[in-house]
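**Student:** This is the structure I want to talk about, given as structure tokens.
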Amino acid sequence: MPEFTYLIVGGGMAADSAARGIRTVDAKGSIAIITSESNPPYNRPPLSKALWKGEPIDNIWRSTPESNVTIRLRRTVVSLDVKSKTVADDEGISHSFQ
Ligand SMILES: Cc1cc2nc3c(=O)[nH]c(=O)nc-3n(C[C@H](O)[C@H](O)[C@H](O)COP(=O)(O)OP(=O)(O)OC[C@H]3O[C@@H](n4cnc5c(N)ncnc54)[C@H](O)[C@@H]3O)c2cc1C
Numbered sequence: 624m625p626e627f628t629y630l631i632v633g634g635g636m637a638a639d640s641a642a643r644g645i646r647t648v649d650a651k652g653s654i655a656i657i658t659s660e661s662n663p664p665y666n667r668p669p670l671s672k673a674l675w676k677g678e679p680i681d682n683i684w685r686s687t688p689e690s691n692v693t694i695r696l697r698r699t700v701v702s703l704d705v706k707s708k709t710v711a712d713d714e715g716i717s718h719s720f721q
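Residue 721, in the working numbering, is where the sequence shown stops; the numbers in between run on with no holes.
Structure representation (structure tokens):
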């Protein structure tokens, strides 16, 4: 079973911010993001604004992996067991957190 110190469900801007926040207080603890999305966290607002004005698409990425975070893409969390500190994804894989 994959084990992480911190487990974040979802891969949006909040997930990226949470990972960065954790890194400011814990440089070593392992962090995983499990997300249904096909891409790592990106900034949403430019999709309906700046990109229309010619902003390069590469500017949307939030560079979460640079924070030393494991990102599991295309996985939907289907259950959470707070007592055993585990979540299960739609591939039947359980992940534990501390
Ligand atoms: C095109 C666009 C333009 C926007 N422009 C603005 C703006 O100009 N100003 C503004 O204030 N806001 C704007 N917003 C809204 C803003 O982007 C959202 O408020 C913000 O993205 C919310 O971030 P979040 O991480 O909380 O949620 P979300 O971005 O909704 O992320 C949720 C994440 O959780 C994942 N997820 C959910 N359930 C599961 C599960 N069971 N298992 C695994 N993963 C799961 C989803 O796949 C997703 O990655 C815009 C949104 C869009 C789409």
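Ideal Cβ positions, reconstructed from N, Cα and C, are used throughout, including at glycine.
1. Go through the residues and name those whose CB comes closer than 5 Å to any heavy atom of ligand 1, in chain order.
2. Using 8 Å for Cβ pairs, my map puts Glu660 next to Leu630. What's the rounded Cβ distance?
3. Between Pro664 and ligand 3, is the CB less than 7 Å from at least one heavy atom?
4. Beta carbon of Ser686, beta carbon of Ala642: below 8 Å?
5. How long is the line joining the alpha carbons of Lys708 and Leu670, rounded to whole angstroms?
6. Hey, could you find the ends of the beta strand (DSSP E) Arg695 is sitting in?
7. Can you tell me which of the three DSSP states Val705 falls into?
**Tutor:** Reading off the structure:
1. Here the residues close to ligand 1, judged by CB distance below 5 Å to any of its heavy atoms, are Gly633, Gly634, Gly635, Met636, Ala637, Thr658, Ser659, Glu660, Arg667, Pro668, Leu670, Ser671, Thr699, Val700 in chain order.
2. The Cβ separation is near 16 Å, so there is no contact.
3. With respect to ligand 3, the structure shown offers nothing to examine, as its ligands consist of ligand 1.
4. No.
5. 36 Å
6. 693–695
7. coil
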